[in-house]
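Engineer: Pasting in a structure now, in structure tokens, and then I'll have a few things to ask.
Protein chains: 2
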Amino acid sequence: MFLGSEIFSGHPKGQSLKHLEHIALWNDVGQKGQTVSLKLNHGSDFILGVTLSILSNSSLSVALENSELQEMWRLHYVCSRDLITARGQDIYYGIGCSSTWQTLTRDLLIDVQKGVLLQEKKRKIKLVKSKFKVTHIHLYGSGSIDNLTLSTSDHMAQFYATAEWLVNHQDPKTGGWPNPVRRRITAGIGDLKPGWYSAMGQGHAISVLSRAYYHSGGNVTYLNTALRALKVFKLPIYKGGVQSKFLDKFPWYEEYPTTPAVFILNGFIYSLFGLYDLVTLSPRSKQKEALSLYDQGITSLKRMLNMYDTGSGSSYDLRHISLGIAPKIARCDYHATHVNQLLLLATIEKDKIISDTGQRWAGYIQGKRASHN
Amino acid sequence: MFLGSEIFSGHPKGQSLKHLEHIALWNDVGQKGQTVSLKLNHGSDFILGVTLSILSNSSLSVALENSELQEMWRLHYVCSRDLITARGQDIYYGIGCSSTWQTLTRDLLIDVQKGVLLQEKKRKIKLVKSKFKVTHIHLYGSGSIDNLTLSTSDHMAQFYATAEWLVNHQDPKTGGWPNPVRRRITAGIGDLKPGWYSAMGQGHAISVLSRAYYHSGGNVTYLNTALRALKVFKLPIYKGGVQSKFLDKFPWYEEYPTTPAVFILNGFIYSLFGLYDLVTLSPRSKQKEALSLYDQGITSLKRMLNMYDTGSGSSYDLRHISLGIAPKIARCDYHATHVNQLLLLATIEKDKIISDTGQRWAGYIQGKRASHN
Numbered sequence: 001m002f003l004g005s006e007i008f009s010g011h012p013k014g015q016s017l018k019h020l021e022h023i024a025l026w027n028d029v030g031q032k033g034q035t036v037s038l039k040l041n042h043g044s045d046f047i048l049g050v051t052l053s054i055l056s057n058s059s060l061s062v063a064l065e066n067s068e069l070q071e072m073w074r075l076h077y078v079c080s081r082d083l084i085t086a087r088g089q090d091i092y093y094g095i096g097c098s099s100t101w102q103t104l105t106r107d108l109l110i111d112v113q114k115g116v117l118l119q120e121k122k123r124k125i126k127l128v129k130s131k132f133k134v135t136h137i138h139l140y141g142s143g144s145i146d147n148l149t150l151s152t153s154d155h156m157a158q159f160y161a162t163a164e165w166l167v168n169h170q171d172p173k174t175g176g177w178p179n180p181v182r183r184r185i186t187a188g189i190g191d192l193k194p195g196w197y198s199a200m201g202q203g204h205a206i207s208v209l210s211r212a213y214y215h216s217g218g219n220v221t222y223l224n225t226a227l228r229a230l231k232v233f234k235l236p237i238y239k240g241g242v243q244s245k246f247l248d249k250f251p252w253y254e255e256y257p258t259t260p261a262v263f264i265l266n267g268f269i270y271s272l273f274g275l276y277d278l279v280t281l282s283p284r285s286k287q288k289e290a291l292s293l294y295d296q297g298i299t300s301l302k303r304m305l306n307m308y309d310t311g312s313g314s315s316y317d318l319r320h321i322s323l324g325i326a327p328k329i330a331r332c333d334y335h336a337t338h339v340n341q342l343l344l345l346a347t348i349e350k351d352k353i354i355s356d357t358g359q360r361w362a363g364y365i366q367g368k369r370a371s372h373n
Numbered sequence: 001m002f003l004g005s006e007i008f009s010g011h012p013k014g015q016s017l018k019h020l021e022h023i024a025l026w027n028d029v030g031q032k033g034q035t036v037s038l039k040l041n042h043g044s045d046f047i048l049g050v051t052l053s054i055l056s057n058s059s060l061s062v063a064l065e066n067s068e069l070q071e072m073w074r075l076h077y078v079c080s081r082d083l084i085t086a087r088g089q090d091i092y093y094g095i096g097c098s099s100t101w102q103t104l105t106r107d108l109l110i111d112v113q114k115g116v117l118l119q120e121k122k123r124k125i126k127l128v129k130s131k132f133k134v135t136h137i138h139l140y141g142s143g144s145i146d147n148l149t150l151s152t153s154d155h156m157a158q159f160y161a162t163a164e165w166l167v168n169h170q171d172p173k174t175g176g177w178p179n180p181v182r183r184r185i186t187a188g189i190g191d192l193k194p195g196w197y198s199a200m201g202q203g204h205a206i207s208v209l210s211r212a213y214y215h216s217g218g219n220v221t222y223l224n225t226a227l228r229a230l231k232v233f234k235l236p237i238y239k240g241g242v243q244s245k246f247l248d249k250f251p252w253y254e255e256y257p258t259t260p261a262v263f264i265l266n267g268f269i270y271s272l273f274g275l276y277d278l279v280t281l282s283p284r285s286k287q288k289e290a291l292s293l294y295d296q297g298i299t300s301l302k303r304m305l306n307m308y309d310t311g312s313g314s315s316y317d318l319r320h321i322s323l324g325i326a327p328k329i330a331r332c333d334y335h336a337t338h339v340n341q342l343l344l345l346a347t348i349e350k351d352k353i354i355s356d357t358g359q360r361w362a363g364y365i366q367g368k369r370a371s372h373n
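Residue numbers (full-length UniProt numbering), protein chains in the order written: chain A, 1 to 373; chain B, 1 to 373.
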């Protein structure tokens, strides 16, 4: 659904909205009266796309109604550097201030959900699309706007927005995307302090960037960003990286770089997928480093995989071995993740341990059990 | 119950029974007629003790009746080197031929059971003591007999008979007691061929010998036999010993010395108990070797113990890791054995991993489960 800027309603009492070819400029600063707004009654399409430039104290705001709960939610994309803040049903996303154009691609329902969770962790709202509709789009302050759309999906825009974000937010020194949150894994291990790297996060980033390099027809910015991201894989945890060694023997890439390490299985395999994507999609001359990291990871996986087998499921990690405490069993959906990861990996690596274990673990889902003596 | 030899019935038709102080000499060779025999109607005491000397073609035979099944069993202790043979309800135990005295201590019901199992592996006879009674003791051929008794138990005689057997049957070169049977562990590993050593068997032997040394007030034959038995612990499996290494890192004493090794837990801990007994009961100057083997075993145990934790029980071994196959779960009574071994070990080793794991595994028996994520 294309929302031409010409259909914004200019209110007679003061605000201005100028058309400049397809671009609309607006300004209600210093004016009394209502803002520039577009009234809608639109459901089913909740991916907002817009090219805009806004100045300080300005925003693009979207109002959504939940017909079931009789609630109104207001999403404000504002000129600010705060990632997200919320007060009641007003949720603010900082998109930075700039007099140059920027492209926003937002999933409005996800943006509502983040605002709810920010305030009430325990409240689960069901994001049933059919219960929502967009009722208004408002323009506050002053700025320029173009190409305003609501769509059912816009995966490519989201994909490239992600790739661009990764390019722009990589730490140039470490090659990593630091996690800004404190994270507690379990008693007996110190919390991870803001700034830590995740092998799984790095792997996902490398996947996105490798695919962006491929899909863009060879934009080397994506490739170089992905290659720089390998550095964190090679660094041991005590030097700020993500690599541990099981029993000082098998290198492992940690989803959470704790000391002692806990060897989370799914995060490790996801990180291998990232390495695999880079090996597969990068030019031959650039493959060496990723290939070496992938190969040593696969070797560790083959040797360690069955340590996760409980005979009726899988364990989530090896904390019971490295910390000497009770094991953490993979709940049903994590076990299913393990199975899917292994069955996928078995299509890449023609290896009996990986395929046999994937099959056996799939059997556990159906109630099969390992034999006893 | 003392069965004085004087109450054996001499039959008028030929057989002879001479009294020589308390010793009775008998001879019915070349005689026609009935054998020297003692008629009984005796239940509850089934440990036979006797000092005797028999010549070729001679035997001491005991007849037992099972009142429930209306069966008669005849145990023949004969002048032969065959360990055990059976034909129907006649069971033959070779006790060797000797003109010098030897002491027999036999559990008659166990001897019946062995005879049954030898012929019908699948038949399980319930050895309910109250259903059995001894009805006759016969003397065939010629020999000397003294101190014939039936008792409820005679543990000390059995204990020393075992210790003597171990002294007399140790391979002087290897220090081991070889197992004469072929043993299949699982598909994918070659069978163990007769002549293999078991760390668990060596450990049990060392336990018995150490305790015999202590209880006998310092008979060094027992001590020296136990010390010689350590040799097998130090030898790697590929050199005919019982020691494997998990991931080339942690020494382990194998109940079954297979290649690849499978790291059976209960057999390993039993072997540690043997080493512990020898350390504790031998003179300080002789402790060093056993102590070193015990210490390195305990270190391995602490590092590897939690690899056996399935979150709801324990695995019997680590075949899933070393062979890359499905795990072998410890059935209920083996899991209980693990728990008992750990709780006992926790009284020796003040170690948190051992005691915590013992407690947690005890909880699994009561239905407790490890948490999932």
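Backbone N, C-alpha and C define an ideal beta-carbon position, used for all residues, glycine too. Quick caveat, the model's predicted, so the values are computed rather than measured.
Taking Cβ-Cβ distances shorter than 8 Å, what residues in chain A pair up with asparagine 373 of chain B?
Structural biologist: Those within 8 Å of asparagine 373 of chain B in chain A are Tyr316, Lys328, Ile329, Ala330, Arg331, Tyr334.
Engineer: Residues of the segment 266–290 of chain A in Cβ contact with chain B at a cutoff of 8 Å, in chain order, please.
Structural biologist: The segment 266–290 of chain A vs chain B, Cβ under 8 Å: nothing.
Engineer: Here's a check: name, in chain order, each residue in its chain whose Cβ is nearer than 8 Å to the Cβ of leucine 55 of chain B, leaving out the five neighbours to either side.
Structural biologist: Cys79, Cys97, Ser99, Gly141, Ser142, Gly143
Engineer: Quick one: is leucine 255 of chain A buried, meaning 16 or more other Cβ sit within 10 Å of its Cβ, or exposed?
Structural biologist: First, the amino acid is wrong: residue 255 of chain A is glutamate here, not leucine. Glutamate 255 of chain A should be labelled buried.
Engineer: Taking the CB atoms as reference points, tell me whether histidine 136 of chain A and serine 37 of chain A lie closer together than 7 Å.
Structural biologist: yes
Engineer: Output the residue ranges of the alpha helix (DSSP H) runs that lie fully inside the segment 263–306 of chain B and measure 4 residues or longer, sorted by chain position.
Structural biologist: 265–281, 288–304
Engineer: Closer than 8 Å is the cut-off here; do at least three beta carbon pairs connect the segment 160–177 of chain B with the segment 205–214 of chain B?
Structural biologist: yes
Engineer: Extract the residue ranges of the beta strand (DSSP E) inside the segment 127–183 of chain B, only unbroken runs of 3 or more that lie entirely within it.
Structural biologist: Runs of the beta strand (DSSP E) inside the segment 127–183 of chain B: 132–140, 142–151.
Engineer: Within the 7 Å Cβ cut-off, does glycine 324 of chain B reach chain D?
Structural biologist: Considering every chain present, this structure includes no chain D. Its protein chains are A and B.
Engineer: State the start and end residues of the unbroken alpha helix (DSSP H) segment that holds leucine 230 of chain A.
Structural biologist: No alpha helix (DSSP H) holds leucine 230 of chain A; DSSP gives it neither H nor E.
Engineer: In or out: methionine 200 of chain A buried (at least 16 other Cβ within 10 Å) or exposed?
Structural biologist: buried
Engineer: Establish whether the CB of isoleucine 353 of chain A and some CB of chain B are separated by less than 7 Å.
Structural biologist: yes
Engineer: Locate the beta strand (DSSP E) running through tyrosine 92 of chain A, then write down its first and last residues.
Structural biologist: Secondary structure note for tyrosine 92 of chain A: its beta strand (DSSP E) is the uninterrupted segment 90–94.
Engineer: Exposed or buried, which one is proline 12 of chain A when buried takes at least 16 other CB atoms within 10 Å?
Structural biologist: Confidence in proline 12 of chain A is poor, its pLDDT being 47 and thus under 50, which makes the residue's placement too unreliable to answer from.
Engineer: With 7 Å set as the bound, which would you pick, yes or no: does the beta-carbon of aspartate 28 of chain A sit closer than that to a beta-carbon of chain B?
Structural biologist: no
Engineer: Based on the DSSP secondary-structure assignment, which residues constitute the bridge partners of serine 59 of chain B?
Structural biologist: Bridge pairing for serine 59 of chain B: B:Val78, B:Tyr140 [DSSP].
Engineer: Please compile the residues from chain A whose C-beta is within a distance smaller than 8 Å of the C-beta of aspartate 45 of chain B.
Structural biologist: The contacting residues do not exist; aspartate 45 of chain B stays about 36 Å from chain A at best.
Engineer: At a Cβ threshold of 7 Å, is threonine 310 of chain A touching chain B?
Structural biologist: Chain B, which has a Cβ nearer than 7 Å to the Cβ of threonine 310 of chain A, makes this yes.
Engineer: Listing by chain order, which chain A residues have their CB less than 7 Å from the CB of arginine 360 of chain B?
Structural biologist: Ala326
Engineer: List the residues that DSSP assigns as beta-bridge partners of histidine 42 of chain A.
Structural biologist: A:Val134
Engineer: Between the Cα of leucine 69 of chain A and those of A:Ser61, A:Arg81, A:Val128, spot the shortest distance and give me the residue it belongs to.
Structural biologist: Comparing Cα-Cα distances from leucine 69 of chain A to each of A:Ser61, A:Arg81, A:Val128, the minimum goes to A:Val128.
Engineer: Under the assumption that proline 257 of chain A contacts tryptophan 196 of chain A (Cβ atoms under 8 Å), give the Cβ distance between them as a whole number of angstroms.
Structural biologist: 6 Å
Engineer: Give a yes or no on whether the minimum CB-CB distance between serine 5 of chain B and chain A is below 7 Å.
Structural biologist: Low confidence applies to serine 5 of chain B: its pLDDT is 49, below 50, so where it sits in the model is not reliable, and the reading given next is rough at best. It does not; no Cβ of chain A falls within 7 Å.
Engineer: Taking all protein chains shown into account, decide if aspartate 82 of chain A is buried (16 or more other Cβ within 10 angstroms of its Cβ) or exposed.
Structural biologist: exposed
Engineer: In or out: threonine 357 of chain A buried (at least 16 other Cβ within 10 Å) or exposed?
Structural biologist: buried
Engineer: Can we say the segment 275–289 of chain B touches the segment 354–368 of chain B, given the rule of at least three CB pairs closer than 8 Å?
Structural biologist: no
Engineer: Pop quiz: leucine 60 of chain A and tyrosine 77 of chain A are said to be a contact at Cβ under 8 Å. What is the actual Cβ separation, rounded to whole angstroms?
Structural biologist: 5 Å
Engineer: 7 Å is my cut-off, CB to CB: does isoleucine 321 of chain B come that close to chain A?
Structural biologist: yes
Engineer: What first and last residue would you give for the beta strand (DSSP E) that runs through alanine 86 of chain B?
Structural biologist: 84–87
Engineer: So, does the CB of asparagine 41 of chain A fall closer than 7 Å to a CB anywhere in chain B?
Structural biologist: no
Engineer: Quick one: measure Cβ to Cβ for tyrosine 270 of chain B and glycine 203 of chain B, integer angstroms, because I've assumed they're closer than 8 Å.
Structural biologist: 5 Å
Engineer: Measure the C-alpha to C-alpha separation of serine 5 of chain A and glutamine 158 of chain A and round it to an integer number of angstroms.
Structural biologist: The predicted position of serine 5 of chain A is uncertain, since its pLDDT is 49 and thus under 50; no value can be drawn from it.
Engineer: Quick check: aspartate 309 of chain B and proline 260 of chain A, are their CB atoms within less than 7 Å of each other?
Structural biologist: no
Engineer: Pull up the CB-CB distance for glycine 297 of chain A and proline 236 of chain A, whole angstroms please, since I reckon it's below 8 Å.
Structural biologist: That pair is no contact at about 15 Å.
Engineer: Any residues in the segment 245–256 of chain B with a beta carbon nearer than 7 Å to a beta carbon of chain A? Which ones, in chain order?
Structural biologist: Leu247, Lys249
Engineer: Helix, strand or coil: how does DSSP classify glycine 358 of chain A here?
Structural biologist: helix
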